[in-house]
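K.L.:
Chains as they are written, first to last, in this note's numbering: chain A, 240 to 382; chain B, 240 to 382.
C-beta atoms are modelled at their ideal positions from N, C-alpha and C, and glycine is treated no differently.
Keep in mind it's a predicted model, so treat the numbers as computed, not measured.
Structure incoming, see below.
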DNA sequence: ATAATAAAAGAGTTTTTTATCTTTTGTTTA
DNA sequence: TAAACAAAAGATAAAAAACTCTTTTATTAT
């Protein structure tokens, strides 16, 4: 469905949203172990997300990753688009570039609906909201 | 969404269903150009599908690929499961192995519905049916 | 100032996926 | 039975994705 990179990114963002609260920060080591991902790999991914200002960080003692007000409202859809691009949301199910409304592949219309449902769902999955919901029920981010 | 291999496989199966009719057969060259895929690559994929009896073939002059009665009823879901496995239909959206009904990830329930819709859609997309529908409207399998 | 800490950056390596090329085997028809 | 044809099989090669290691830079606290 999504690339491994993208899965790690979503998990890491949720983990940060959950654990870096009230000015506190989380380090890569904690993130990596918290979401069960390779440490250096998730570090790279977070660097990317940082450059795009989707996550904030500070160096040095007590440093780590956290989310500012804007970042905490980011949706999983945004993360997916950033990492995997939007081919998931716009691409053809059979991989046809020319597939479109006027030039549909055999399963174009059915796929369109599913893609749209997925997009809506991921757009609604904003980090702050997920964390709030998870407070009610126990949560799991380990693979 | 699906691997390239899987996309080619689906396109090739549809193409064969469409073009190998009334005992005629289609060769890899025609298939490759018909679905715009690398010739040797789709040949390999069809070999795999052939071993699993999802497509029939014969060598020599006038040889090529075709579908027997059973194969022509195969669904795209079957093709996807054969090539990409069933992680698409059963796996967690965040890539968590332990995600389940009793141990759900933050987006488990929403994803479950989408996966189910996708599965239903692909199960209904049987080759014979797709070809019938395509006869009504023009079709495109080139990328 | 200096030592410790932690992310950023850069430079690989490994594995998987995608794609190509060559040889072999089986089938048909002339 | 020989030549042509077409898929099967096997072996490589190229590209992308996943992952690792080392060095640098910025920050904090002593």
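Could you check whether residue 360 of chain A and residue 349 of chain B sit closer than 7 Å to each other, using their CB atoms as the reference points?
P.N.:
In this structure, residue 360 of chain A lies closer than 7 Å to residue 349 of chain B by Cβ.
K.L.:
Is residue 357 of chain B close to chain A? Criterion is C-beta to C-beta, closer than 7 Å.
P.N.:
Chain A contact via Cβ: present.
K.L.:
List, in chain order, every chain B residue whose beta-carbon is nearer than 8 Å to that of residue 327 of chain A.
P.N.:
Result: 240.
K.L.:
Answer yes if the segment 247–262 of chain A comes into contact with the segment 333–346 of chain B, meaning at least three C-beta pairs across the two stretches below 8 Å, and no otherwise.
P.N.:
Contact holds: three or more Cβ-Cβ distances are below 8 Å.
K.L.:
Which residues, taken in chain order from the segment 342–356 of chain B, show a beta carbon closer than 9 Å to some beta carbon of chain A?
P.N.:
Those residues of the segment 342–356 of chain B that come within reach of chain A (Cβ to Cβ, closer than 9 Å) are 342, 343, 344, 345, 346, 349, 350, 352, 353, 354 and 356.
K.L.:
In angstroms with no decimal places, state the Cα-to-Cα distance between residue 302 of chain B and residue 372 of chain B.
P.N.:
Computed Cα separation, rounded: 27 Å.
K.L.:
With 16 other CB atoms within 10 Å as the buried threshold, where does residue 276 of chain B fall?
P.N.:
Under this definition residue 276 of chain B is a buried residue.
K.L.:
Run down chain B in chain order and give the residues with a C-beta less than 8 Å from the C-beta of residue 373 of chain A.
P.N.:
345, listed in chain order.
K.L.:
Where in the segment 314–352 of chain B do unbroken runs of the beta strand (DSSP E), each at least 3 residues long, occur, reported from the N-terminal end onward?
P.N.:
Qualifying beta strand (DSSP E) stretches: none in this window.
K.L.:
For residue 364 of chain A, go through chain B and note every residue whose CB falls closer than 8 Å to its CB, in chain order.
P.N.:
Going along chain B in sequence order, the residues near residue 364 of chain A (Cβ under 8 Å) are 345, 346 and 349.
K.L.:
May I ask which residues mark the beginning and end of the alpha helix (DSSP H) holding residue 241 of chain B?
P.N.:
Element bounds for residue 241 of chain B: n/a, residue is neither H nor E.
K.L.:
Whole-angstrom Cβ separation of residue 323 of chain A and residue 245 of chain A, contact assumed at under 8 Å?
P.N.:
Confirmed, Cβ separation roughly 5 Å.
K.L.:
Name the chain B residues that come within less than 8 Å of residue 243 of chain A, Cβ to Cβ?
P.N.:
Neighbours of residue 243 of chain A on chain B, chain order: 334.
K.L.:
Quick one: is residue 360 of chain B near chain A, going by C-beta distance under 7 Å?
P.N.:
So yes, residue 360 of chain B belongs to the interface.
K.L.:
In chain B, which residues lie less than 7 Å from residue 270 of chain A when you measure between Cβ atoms?
P.N.:
Result: empty, since nearest Cβ-Cβ is about 14 Å, beyond 7 Å.
K.L.:
Using a Cβ cut-off of 7 Å (strictly closer), state whether residue 246 of chain A contacts chain B.
P.N.:
Yes, residue 246 of chain A lies at the interface with chain B (some Cβ there is under 7 Å from its Cβ).
K.L.:
Quick check on residue 288 of chain B - is its C-beta less than 7 Å from some C-beta in chain A?
P.N.:
Not closer than 7 Å to any Cβ of chain A, the Cβ of residue 288 of chain B fails to qualify, so no.
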